[in-house]
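For reference, the structure is listed below as structure tokens.
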Amino acid sequence: MSNELDRERVAALTATQRQATVAVLEGLSNTEWQQPTLCEGWTVADLAAHLSMSFRVSLPKLLVTMIRERGSFDRAADRLARRDAATMGRVELIAALRDNITTEWSPPGGDLVDSLCHDVVHGLDLTEGLGLPATATTPQLEVVLRTIESRNRMAYFGADLDGCALQASDIDFRIGDGDTLILPAKAVVLILTGRATVHDHRGA
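Numbering-wise (my numbering), the sequence shown opens with residue 558 and increments by one.
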């Protein structure tokens, strides 16, 4: 982020996303709480545990878990999410997220922009998995897309454009080379983060 105004904007966009996620979680039934999300292998409960993990799990606990998982943050996060989803009630998990709507944190090796992207993408995991309207706003999606492009995050997510160029229909964003596939920004985010593929949209 280049200046304090950027920091304030990112913080505001993050808070908006968390508020929206809390609203969705509070409106779910007990059955929906156990439904799968787009985050592979995670139920809504697992995802809620993960989204609130940074506000509940101490750094020493995280480091110990990472050691058990041979230094992998992703595996440690998975272990902690499943453990907490199994041992904590939904009211407690939602409260942990609600009470930290404006709390700043950064993922390992990242910054506040990465934190925003984390919340937005997992918000899509939640709503898309349940077939609900997306809570992500156009400004949030634009930050996510430009961050994925500028920080080369596609490799991390294992995304493959398969010779296509993706162009967002609702914002000024284009990535890749080849035949152009025009999609809403939300769909582009899902492809670039490995939640969907270009084949899901070709010929649709």
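C-beta: ideal position from N, C-alpha, C; glycine also. Keep in mind the model is a prediction, meaning the values are calculated, not measured.
Contacts around residue i, its chain only, beta-carbon distance under 6 Å, and the 5 residues preceding and following it disregarded
i, result
"SER559", "Caution applies to SER559, whose pLDDT of 47 falls short of 50 and renders its modelled position unreliable; the model cannot decide the point."
"VAL677", "GLN574, ALA693, GLN697 and VAL701"
"ASP734", "ALA722"
"ASP671", "PRO664"
"ARG647", "TRP590"
"PHE730", "LEU702"
"ALA642", "ALA602, ASP603 and ALA606"
Residues near residue i by beta carbon distance below 7 Å, same chain, minus five either side
i, result
"PHE612", "ALA653, ASN657 and THR660"
"LEU582", "ALA605 and ILE651"
"VAL614", "LEU637"
"THR622", "ALA633, ARG636 and LEU637"
"LEU570", "LEU673, PRO696, GLN697 and VAL700"
"LYS639", "Contrary to the premise, residue 639 reads as Arg rather than Lys in this sequence. If we look at ARG639 and ignore the five residues flanking it on each side, its Cβ neighbours are ASP603."
"LEU619", "ALA633"
"ALA572", "ILE658 and THR659"
Backbone secondary structure at residue i - three-state DSSP
i, result
"GLY680", "helix"
"ALA569", "helix"
"SER559", "Low local confidence applies: a pLDDT of 47 at SER559 is under 50, so the model's placement there is unreliable, and no value is given."
"GLY666", "coil"
"ALA712", "helix"
"CYS596", "coil"
"ARG731", "strand"
"LEU738", "strand"
"GLN762", "What the structure shows of the chain is the stretch from 558 to 761, and residue 762 is not part of that stretch, so it cannot be assessed."
"ALA633", "helix"
"LEU723", "strand"
"ILE748", "helix"
"ILE658", "coil"
"GLU626", "coil"
"ARG639", "helix"
"SER586", "coil"
"ARG759", "coil"
Contact belief for residue i with residue j at Cβ below 8 Å, rounded distance in angstroms
i, j, result
"ALA753", "ALA742", "Going by Cβ atoms, the distance from ALA753 to ALA742 rounds to 13 Å, so no, they are not a contact pair."
"ASP727", "THR695", "6 Å"
"THR600", "GLN591", "5 Å"
Cutoff 8 Å; reference residue i; Cβ partners in own chain excluding five residues on either side
i, result
"ALA716", "ILE748, LEU749, THR750 and GLY751"
"HIS756", "ASP719"
Member of the options whose CA lies at the smallest distance from the CA of residue i
i, options, result
"ARG566", "LEU673, GLN592 and ALA580", "LEU673"
"GLY688", "LEU595, HIS756 and MET610", "LEU595"
"HIS607", "ARG627, MET645 and ILE739", "MET645"
"ARG710", "VAL746, THR737 and ALA691", "VAL746"
"TRP662", "ARG759, LEU619, ALA568 and GLU597", "ALA568"
"ARG564", "LEU669, MET610 and LEU619", "LEU669"
"GLN576", "ASP757, ARG655, ALA744 and LYS618", "ARG655"
"PHE714", "ALA572, GLU597 and ALA643", "GLU597"
"PRO690", "MET610, ILE624, HIS758 and ALA744", "ALA744"
"MET610", "ILE624, HIS675 and GLY666", "HIS675"
Residue i Cβ short of 7 Å to the ligand MN heavy atom set
i, result
"THR573", "Among the components modelled here there is no ligand, and therefore nothing to report on the ligand MN."
Residue i at chain D interface by Cβ criterion, 8 Å
i, result
"LEU650", "Protein chain content of the structure displayed is limited to a single chain, and chain D is not contained in it."
Between the stretch 585-600 and the stretch 717-724, do at least 3 Cβ pairs fall closer than 8 Å? Output reads no: the stretch 717-724 does not touch the stretch 585-600.
Specify whether the stretch 699-716 and the stretch 631-642 touch according to this definition: at least 3 beta carbon pairs, one from each stretch, less than 8 Å apart. These segments do not touch.
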